[in-house]
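Okay, so here's the structure we're looking at.
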Amino acid sequence: MTEFKSQDSGDGRRAASGGTMPPGSLASALGSGESIAQKTLRTSALNADDPALEKRVSLLDLLDRILQKGVVIQGDLTLSVADIDLVYVGLRVLLTSVEQAEKMRASPVLFGASEK
Amino acid sequence: MYAVYLYAIQLVKHGLPADLAGIDGAALRLVQCDELAAVVSEIQQAPDVRELPAILAHELAVETLMASRCVLPVRFGTVLSDERAVRSLLAHHELAFRTDLTRLDGCVELGLRALWRSDGAAPAPAEPDVPSPLSAGRRYLEGRRQVLRQEQHLLARATAISEQLHAALDPLVRAAVVRRCRDAQTAVTASYLVERGDIGSFRSALGDLSAVFSEVQLLCTGPWPPYSFVSTRSDGQ
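Protein chains in written order, with our numbering: chain H, 280 to 395; chain V, 64 to 300.
Here is the structure:
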């Protein structure tokens, strides 16, 4: 399914090897089978009994950090903060449930910049 | 016309692992200013944040670096016009970056979510029935009051859980950012700054807590780069 290759580097970590994925891959990453999320994101569920839940939580935790935290720089940059926040909300909605992801795959307009 | 995409800040002396690729498979390189370096790649246009692969490529590059040195992860989507802008950024934030690199050295971030079990988010105990019939306006206000009451109820229980977490985990972490929630799914979300050597003890403490908590399940993610613990924010705060 995925063209985004993942490989174990010497120290056991996964390393990206420059792949690209077709549009809509976020939804497919959330689908069943071997997904990017499974390959790259780690969750240690202590008493979770739902692997799909673990995967969603792991992706949510990644998005919470990579889009909202970290070194944030503004100024004369070409970074569009508003768009990122907007899409962040979209991604969160998408990740909230796989069922929801299926709906959004059918209506990608939800990601459009004009949506709030 | 190429721009420069930023992944992380590190010390020059750590160099870069060979063949490390970033977004769109572009090679990573260092832009340096004195002892500080920004890990960057060339990019033709700002990455589309709707595409998970770009997000994962960013994350994987930073995590690969994190395995062998302290890095300050940069928020996804940060693009500068050229290398001069990157050097100017490093110079401008030099003190903050150096302080953070020292403070965060040897540490990782672990994420924690305490999720209500299906019966965990039970509604607040019912109040005695209000006299009926109610007018429409009164019914609306009564409905709002119930919602607020439920939120307060959840928040109070989330507070109790966050206090238990704090008591058990505080000795094992360098820093914590804990947020109590008032929704029916999540009780508490937290980020912990943990020394690498303490990850095992942290997880085992969580395991012990899991046995104690009947109303929530604990999900631990990571180790992540220390996203929640860098001090450099947009306006240099």
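Each residue gets a CB set at the ideal place from its N, CA and C atoms; glycine is no exception.
Partners in chain V for residue i, counting only beta-carbon separations shorter than 8 Å
| i | result |
| --- | --- |
| H:Lys334 | None at all; the shortest Cβ gap to chain V is about 10 Å. |
Cβ separation of residue i and residue j, assumed to be a contact under 8 Å, to the nearest whole Å
| i | j | result |
| --- | --- | --- |
| V:Ser254 | V:Ser291 | 4 Å |
| V:Arg237 | V:Glu258 | 7 Å |
| V:Leu99 | V:Tyr70 | That belief does not hold up - the Cβ atoms of V:Leu99 and V:Tyr70 are roughly 14 Å apart, past 8 Å. |
| V:Arg66 | V:Ser151 | What sits at residue 66 of chain V in the sequence shown is Ala, not Arg. Incorrect: roughly 15 Å between the Cβ atoms, too far for contact. |
| V:Ala268 | V:Ala231 | 5 Å |
| V:Val171 | V:Ile262 | 7 Å |
| V:Leu282 | H:Val336 | 5 Å |
| V:Gly88 | V:Ala109 | Between V:Ala109 and V:Gly88 the Cβ distance is about 17 Å, and since that is not below 8 Å, they are no contact. |
| H:Gly279 | V:Arg138 | Residue 279 of chain H cannot be examined here, being either before or after the span of chain H that is shown, 280 to 395. |
| V:Val75 | V:Val103 | Contact doesn't hold; Cβ gap of about 13 Å is too wide. |
| V:Leu204 | V:Arg245 | V:Leu204 to V:Arg245, Cβ: 20 Å. No contact. |
| V:Glu318 | V:Arg180 | As shown, chain V starts at 64 and ends at 300. That puts residue 318 of chain V outside it, with no answer to give. |
Neighbour-count burial assignment, residue i, 16 or more Cβ in a 10 Å radius
| i | result |
| --- | --- |
| V:Gln280 | buried |
| V:Thr284 | buried |
| V:Glu126 | buried |
| V:Asp163 | buried |
| H:Asp340 | buried |
| H:Ala361 | In this prediction, H:Ala361 scores a pLDDT of 47, lower than 50, which makes its location untrustworthy; no coordinate-derived value is stated. |
| V:Glu122 | buried |
| V:Leu115 | buried |
| V:Arg220 | buried |
| V:Gly206 | exposed |
| V:Pro289 | buried |
| V:Ala124 | buried |
| V:Arg176 | buried |
| V:Ala84 | buried |
| H:Glu394 | Residue placement at H:Glu394 cannot be trusted, given a pLDDT of 32 that sits under 50; what the coordinates show is reported in the next sentence. It counts as exposed. |
| V:Leu158 | exposed |
| V:Thr165 | exposed |
| V:Leu197 | exposed |
Partners in chain H for residue i, counting only beta-carbon separations shorter than 8 Å
| i | result |
| --- | --- |
| V:Phe139 | Ile345, Leu346, Gly349 and Ile363 |
| V:His121 | Ile345 |
Chain-ordered neighbours of residue i on chain H, where CB pairs are closer than 9 Å
| i | result |
| --- | --- |
| V:Pro136 | Arg344, Ile345, Lys348, Gly349 and Val350 |
| V:Gly260 | What V:Gly260 touches in chain H: nothing, since even the nearest Cβ is about 16 Å away. |
| V:Leu235 | By Cβ distance, chain H contributes nothing, its closest Cβ being about 15 Å from V:Leu235, past 9 Å. |
| V:Ile72 | Val350 |
Candidates the options: closest to residue i by CA position
| i | options | result |
| --- | --- | --- |
| V:Leu79 | V:Val134, V:Asp163, V:Arg161 and V:Pro110 | V:Val134 |
| V:Leu52 | V:Ala130, V:Thr141, V:Val137 and V:Ser225 | One cannot answer for residue 52 of chain V here, as it falls past the ends of chain V, which runs 64 to 300. |
| V:Ile106 | V:Gln95, V:Ile86, V:Arg207 and V:Arg132 | V:Ile86 |
| V:Val7 | V:Ala101, V:Leu119 and V:His155 | Summary: the structure shown does not reach residue 7 of chain V, with chain V confined to residues 64 through 300, and so no result is reported for it. |
| V:Ala250 | V:Gly260, V:Gln213, V:Gly270 and V:Pro234 | V:Gln213 |
| V:Ile118 | V:Arg201, V:Tyr68, V:Ala247 and V:Gly260 | V:Tyr68 |
| V:Glu146 | V:Gln95, V:Leu204 and V:Ala120 | V:Gln95 |
| V:Val275 | V:Trp287, V:Leu256 and V:Gln227 | V:Gln227 |
| V:Leu173 | H:Pro330, H:Ile352 and H:Arg344 | H:Arg344 |
| V:Arg287 | V:Ala81, V:Leu93 and V:Pro136 | Looking at the sequence provided, one finds Trp at residue 287 of chain V rather than Arg. Among V:Ala81, V:Leu93 and V:Pro136, the Cα nearest to that of V:Trp287 is on V:Pro136. |
| V:Asp97 | V:Ser264, V:His216, V:Ala247 and V:Leu153 | V:Leu153 |
| V:Val210 | V:Ala247, V:Phe160 and V:Ala159 | V:Ala247 |
| V:Ala239 | V:Leu158, V:Leu167 and V:Ala199 | V:Leu167 |
| H:Leu342 | V:Ala120, V:Met129, V:Leu128 and V:Ala130 | V:Ala120 |
| V:Leu128 | V:His156, V:His155, V:Arg161 and V:Asp82 | V:Asp82 |
| V:Pro315 | V:Gly270, V:His155, V:Leu256 and V:Arg202 | Residue 315 of chain V falls outside the range modelled here, since chain V spans only 64 to 300, and no answer is possible. |
Neighbouring residues, chain H, relative to residue i (Cβ below 7 Å)
| i | result |
| --- | --- |
| V:Leu152 | Ile352 |
| V:Trp287 | Arg344 |
| V:Ser291 | Arg344 and Lys348 |
| V:Ile224 | Result: empty, since nearest Cβ-Cβ is about 14 Å, beyond 7 Å. |
### Task
Check distances from the C-beta atoms of the segment 198 to 219 of chain V to those of chain H and list, in chain order, the residues that come in under 7 Å.
none
### Query
Quick one, which residues of the segment 161 to 180 of chain V are near chain H if we go by CB-CB under 7 Å, in chain order?
Gly174 and Arg176
### Query
What residues in the segment 261 to 283 of chain V have a beta carbon less than 9 Å from any beta carbon of chain H?
Arg266, Leu269, Gly270, Leu272, Ser273, Ala274, Phe276, Gln280, Leu281, Leu282 and Cys283
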